[in-house]
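Residue numbers (the working numbering): 123 to 419. Backbone N, C-alpha and C define an ideal beta-carbon position, used for all residues, glycine too. Just so you know, these numbers come straight off a predicted model, no measurement behind them.
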């Protein structure tokens, strides 16, 4: 069983603390939450923080299976919480979540879900930070429309508050290689043959010279009335041909009346991009081959 930090003993209310719930600033091979060595350990329940809940400035850190900012049922808002759900400062080889059972983190009710900031003169050395399969929602105190924010506070060309722009061929360098996120080209719906699914066309502008293939694409879904962050992880897909247009079919949560889809890129060395702009669609009954809206890139 994991720890309850910043909550009452039932895990249903907060006991506010004035700093981070967990802070790691040195050492290697720390595990926070569920381990991967065959030992079944539930993750931690963290809330009530007046700062970033999990703060990391060390190397080779594994953050699995934690519930941050909400109760274990995901029904009680244990916020608002100041800062970020998880903050990474000038660190490499940090793994946040995984597709294996019980290893995704839930991050809710903070200013921002995951924040990665550079304060070192060599940001290109800070890489292989992997964020996959997590459920990120309700982190909207400042109306931030992002799940992951990668920012270099010393570089005016890196957007410190909004989504960084893709660049041609993914040739730029920086923290997590400034991986290009996928570009969603279209959504189509086949009511007769696949009434609970949508087809998504996308491509990634990254050559083999600038990205370590194969790439992994993670797909996230958010309800229409929420900021885009990634309430549901819908699956992962391999992307093997540089700059090719690829189509994937997604099973959507039951009972939805539209929503927002967005994607991330993770390369073979485990560097993950920011979340792409969303493709927003309405009720599935009115989606046609070109029936979608794409947020501004």
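Query: Cα-Cα separation, residue 176 to residue 187; Result: 13 Å
Query: Cβ neighbours of residue 360 in the same chain (closer than 8 Å, five flanking residues each side left out); Result: 336, 337, 338, 339
Query: Buried versus exposed, by CB contacts within 10 Å (16 or more), residue 362; Result: exposed
Query: Three-state secondary structure assigned by DSSP to residue 447; Result: Lying outside 123 to 419, the shown extent of the chain, residue 447 is not represented and no answer is given.
Query: Beta carbon of residue 235 nearer than 8 Å to that of residue 351; Result: yes
Query: Environment of residue 296 [buried if 16+ CB atoms lie within 10 Å]; Result: buried
Query: As assigned by DSSP and simplified to three states, the class of residue 292; Result: helix
Query: N-terminal and C-terminal residue of the beta strand (DSSP E) that residue 307 is part of; Result: 305-310
Query: Three-state secondary structure assigned by DSSP to residue 168; Result: strand
Query: Exposure label - residue 387; buried when at least 16 CB within 10 Å; Result: buried
Query: heavy atom of the ligand COA below 7 Å from residue 230 C-beta; Result: This structure lacks the ligand COA, and indeed carries no ligand of any kind.
Query: Same chain, Cβ closer than 6 Å to residue 321, neighbours up to 5 away in sequence not counted; Result: 310, 369, 371
Query: Continuous beta strand (DSSP E) stretch holding residue 387: start and end; Result: 381-388
Query: Rounded separation between residue 224 and residue 132 - CA only; Result: 21 Å
Query: Within 8 Å, strictly: CB atoms of residue 391 and residue 249; Result: yes
Query: Coil, strand or helix - residue 373 by DSSP; Result: strand
Query: Under 8 Å between C-beta atoms of residue 256 and residue 226; Result: yes
Query: Distance CB(residue 364)-CB(residue 330) smaller than 8 Å; Result: yes
Query: CA nearest to the CA of residue 145, picked from 168, 135, 259; Result: 168
Query: Reduced DSSP category for residue 189 - H, G, I as helix; E, B as strand; rest coil; Result: strand
Query: Cβ pair residue 328, residue 294 closer than 8 Å; Result: no
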